[in-house]
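Visitor: Under this note's numbering, the very last position in the sequence shown is 1063; numbers go up by exactly one each time.
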Amino acid sequence: MRLIIALMLGVIFSVAHVTAFAEEQSKIAKRVDALLQKMTLTEKVGQMNQYNGFWDATGPVPEQGDAKTKYEHLQQGRVGSILNVAGHEALREFQDVAVKQSRLGIPLIFGFDVIHGHNTAFPIPLAEAASWDLTAIEQGARIAATEAAAQGVNWTFAPMVDISRDARWGRVAEGAGEDPYLGAEIAKARIKGFQGDDLAAVDTIAACAKHFAGYGYAEGGRDYNHADMSYSTLYNEVLPPFKAAVEVGVRTFMNSFNTLNGVPATGSIMLQRDILKGEWGFGGFVVSDWASIMEMTKHGYATDDRHASQLAVIAGSDMDMQSFAYVNHLEDLVTAGAVDESLIDDAVRRILTVKFELGLFDDPYRYINKKREEEVLGNNTHLKAAREMAKRSIVLLKNETNLLPLSKKQKNILVVGPLANDKNSPLGTWRLAVKDDSAISLVEGLQQHTSAFQYTQGVKLSIGKETFADPIVVNTTDRSGIAEAKALAKNAEVVVMMLGEHGYQSGEGRSRTDLGFPGLQQELLEEIVAVNKNIILLVASGRPLVLSWADAHIPTIVQTWQLGSESGHAIADVLFGGYNPSGKLPMSFPRSVGQVPISYRVFSTGRPEPEEKVFWSRYMDEKNSPLYPFGYGLSYTTFGYTNMQAEVRDKASIRVSITVKNTGKRQGEEVVQVYIRDKVASLVRPVKELKSFKKILLKPGKSKEVEFILDRDSLSFYKDDGKFVFEPGDFEVMVGGSSGSVLTKTVSL
Ligand code: NOJ
């Protein structure tokens, strides 16, 4: 009875909620229309113009150059948004000009790259994805939104939901890895975290699904490069996280720098008008990527900025980030009849709607509040959550001799590696609002657990200062610290080595052809291995590295990514067993760069096996499989999988169950993963596709039956024309703790 009442109340509540939302939307639509009536064409185009923060708002007003022009534009109502400025003082000054000096006083929307935390750095997004913990990921985005909103920010350019299969591409650090299903689930969690239930609340911000689309398939893994793919690849691999973003109500999209099948994404009618705003009914707005409208000229798609503006607006790019193209040309294009004013109205309507939803018209200063900023930024619980998230993001790759976890009594530990004492690198890429050098380093983290260690750098990673805007100059000559490290290692009982990439060696513009340890780190590793094999290798990186040599020579390897503000604490918690690692790889780790792009989600060739024969689909010098597959990760305990069942539930869905047992001696978490293969289809399907997962906690010796329902949608796929089809037949269902190790059953539908 109680259950029935609860269910009824639930239904009443959700109906009331939906009705209230619809009423609110219709009120907003009326207010938008009324405002639109009053706007001149210049002012409308102004809303579509976004500038990078162009003056030190707390200093004198700019008097010359670009900044002066932009300032005047602000006064004239020719700017709709400012990006990458935060803090009550600066934002109040910008908002003052827009609200008090422009004719209609339309408030600005402030955008910012809140990518993994805001003031408190959370692990880079790829690392967070390794947690497979949707609740923790949502919570991380919630905290980031709370901090950003307290600093006056209304809108984040996140999440990046590009599928990334090519570890050479530096921006894999910003995404959720290689898989469309995992990517879609994580996209939803992040968007819910940023936007909450009410966009007008003072601790929520609008999210932005980016980069639409195909950016992660840049040829050769070189950033900004073109992407070429079949439509079925686009629909089945690239679009699912974007579609999921629309389904959970993301308010904005960002288009991308790349061309897709010959058309710049920024100028793509197919992507923005047909799919996003047409098929998916997206009601928010699309911002261009940084100057991507202007870049259509460089692509050879537009003759000049004017032409680029025309192509972009027709294609459905609503806001111009920093190209000066719309503000300089759109008005004239409309007057000349080259662009229909209804397109401008549509774009402005979308932008104003989001501003209304954020509550900016009710109070343009609602997010600008000194007291709140101070209170929120000093909040210690954010650091605790960042530490928790960081622990959950760590992936144990190898623990052959059970060196881990370390005992508190462990004596004579040597810590080596340039990154182990670094307080900046763990903050990773894109952390514009985080204080430099503010992360807990590994050395600091270890100090909380033991004093029985000493630290030596071994080699410098780079020469000079690492900054977001400059290329890193890698040290390839200074070997002066190696001898000392080697001498100390000879007498150590355990050597903890932290090697990898600096936080600024991945991210935008950081493509690499070599996926080894930059500089002299590999040499250092080999020198140390020569005198001491008891090594725990901690790999700090923003992407999968090639760890084949390490895997062959070192007993213990832990993937520690760039874990944010609490990095050192989290790693030390794992090393000393305070937290039992539970992360699983969201991207395959290749054996060599030549295998890249590599994914578990491949198609069978006509000659799949055996690898050792000549005329089969293979490399002469390398295996086909990755070193560590997608979904892989160890624990300090072990898990057994038995009693797998897979049966038809009704004509178009499958029930799967499995018993998972903690067969080791510690409590631990396991990510139980379900994959399928559609055995025969009118379009060849991958040999494995992730379709569901659950993260469970088990005490030692305990078992749990885990159940999954694979519905019709999870057994369907997109054809080349974008049609979503279900084709009955045989499906292989696979369950396991990694894509590389599964139990299988075949089900006929
Ligand atoms: C360019 C990047 O591609 C995009 O991801 C970012 O949000 C914008 N710059 C704004 O900083």
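Cβ atoms here follow ideal geometry from the backbone N, Cα and C, with glycine treated the same way.
#1: Assign Tyr933 to one of two classes, buried (16 or more other C-beta atoms within 10 Å of its C-beta) or exposed (fewer than that).
#2: When DSSP builds the beta bridges, which residues end up paired with Arg991?
#3: Kindly list the residues whose CB is nearer than 8 Å to the CB of Thr790, restricted to its own chain and excluding five residues on each side of it in sequence; keep chain order.
#4: Do you know how far the Cα of Ser971 is from the Cα of Gly1015?
#5: Take Val399 and list the residues in its own chain whose beta-carbon comes closer than 6 Å to its own, dropping the five residues that flank it on each side.
#6: Would you decide whether Glu533 is buried or exposed? Buried here means 16 or more other CB atoms lie within 10 Å of its CB.
#7: Is Met315 helix, strand or coil by DSSP?
#8: Please report the residue range of the alpha helix (DSSP H) in which Phe670 lies.
#9: Nearest to Gly947 by alpha carbon, out of Leu691, Ile849, Asp828, Ala444?
#10: My parser needs the beta strand (DSSP E) runs of 3 or more residues fully inside the stretch 377-425; what are they?
#11: By how many angstroms is the C-alpha of Thr973 removed from the C-alpha of Leu317?
#12: Does Lys1018 come out as helix, strand or coil in the three-state DSSP assignment?
#13: Where Tyr818 and Val662 are concerned, what is the direct C-alpha to C-alpha distance, given to the nearest angstrom?
#14: Please classify Met315 as buried or exposed, where buried requires at least 16 neighbouring CB atoms within 10 angstroms.
#15: Counting contacts by CB-CB distance shorter than 8 Å, is His432 in contact with chain D?
#16: Go ahead and label Lys737 buried or exposed: buried means 16 or more other beta carbons lie within 10 angstroms of its beta carbon, across all protein chains shown.
#17: Over what stretch of residues does the alpha helix (DSSP H) that includes Lys779 continue unbroken?
#18: Determine the direct distance from the alpha carbon of Lys749 to that of Pro691, and round the result to whole angstroms.
#19: If you check the beta carbons only, do Pro719 and Lys774 fall under 8 Å apart?
#20: Using three-state DSSP, classify Ile850 as helix, strand or coil.
#21: Given the structure, does Lys1037 come close to the ligand NOJ, in the sense that its CB is under 7 Å from one of the ligand's heavy atoms?
#22: Once the 5 residues before and after Ser1055 are set aside, which same chain residues still bring their CB inside 7 Å of it?
#23: Do Ile505 and Glu492 have their C-beta atoms closer together than 8 Å?
#24: In this structure, how does DSSP classify His613 when only helix, strand and coil are distinguished?
#25: Return the bridge partner residues of Gly814 from the DSSP annotation.
#26: With a threshold of 16 other CB atoms inside 10 Å of the CB of Leu829, please say whether the residue is buried or exposed.
#27: Would you say Asp1066 touches the ligand NOJ, meaning its beta carbon is less than 7 Å from a heavy atom?
#28: Taking Ala450 as part of the alpha helix (DSSP H), name the residues at either end of that continuous run.
#29: In terms of residue numbering, what span does the beta strand (DSSP E) encompassing Arg258 cover?
#30: Leaving out the 5 sequence neighbours to the left and right, which residues in its chain are closer than 6 Å to Ile583 when beta-carbon positions are compared?
#31: Would you grab the beta carbon distance between Arg980 and Glu1021 for me? Rounded to a whole angstrom, and I think it's under 8 Å.
#32: Would you say Ala559 and Val668 are within 8 Å of each other, going by their C-beta atoms?
#33: State the Cα-Cα distance for the pair Arg664 and Phe675, rounded to the nearest angstrom.
#34: Is Lys341 closer than 8 Å to Leu418 when the C-beta atoms are compared?
#35: Note down the Cα distance separating Gly1043 from Arg915, rounded to an integer number of angstroms.
#36: Is it right to say Gly595 is buried, meaning 16 or more other beta carbons lie within 10 angstroms of its own, or is it exposed?
Guide: This is what the structure gives:
#1: exposed
#2: Glu1046
#3: Gly833, Leu834
#4: 19 Å
#5: Gly367
#6: exposed
#7: Note that Met315 scores 49 on pLDDT, short of 50, meaning its location in the model is unreliable; the coordinates nonetheless yield the value given after this. In this structure, Met315 counts as coil in the three-state DSSP scheme.
#8: 655-671
#9: Ala444
#10: 395-397
#11: Confidence at Leu317 is low in this model, with a pLDDT of 46, below 50, so the placement of that residue is unreliable and no value is reported for it.
#12: strand
#13: 37 Å
#14: Reliability of the predicted coordinates at Met315 is poor, the pLDDT of 49 falling under 50, and the value obtained from them is presented with this limitation in mind. Met315 is exposed by the Cβ-count criterion.
#15: Protein chains in the displayed structure number just one, and chain D is not present.
#16: buried
#17: First-last for Lys779: undefined, no H or E at that position.
#18: Sequence check: residue 691 is Leu here, not Pro. Using only the alpha carbons, I get a separation of about 12 Å.
#19: no
#20: strand
#21: no
#22: none
#23: no
#24: helix
#25: Ala854
#26: buried
#27: Any answer about residue 1066 is impossible in this case: the structure gives the chain only from 315 up to 1063.
#28: 448-464
#29: Outside the displayed range of the chain (315 to 1063) lies residue 258, so it cannot be described from this structure.
#30: Ala629
#31: Their Cβ separation, rounded to whole angstroms, is 25 Å, which puts Arg980 and Glu1021 out of contact at 8 Å.
#32: no
#33: 14 Å
#34: no
#35: 20 Å
#36: exposed
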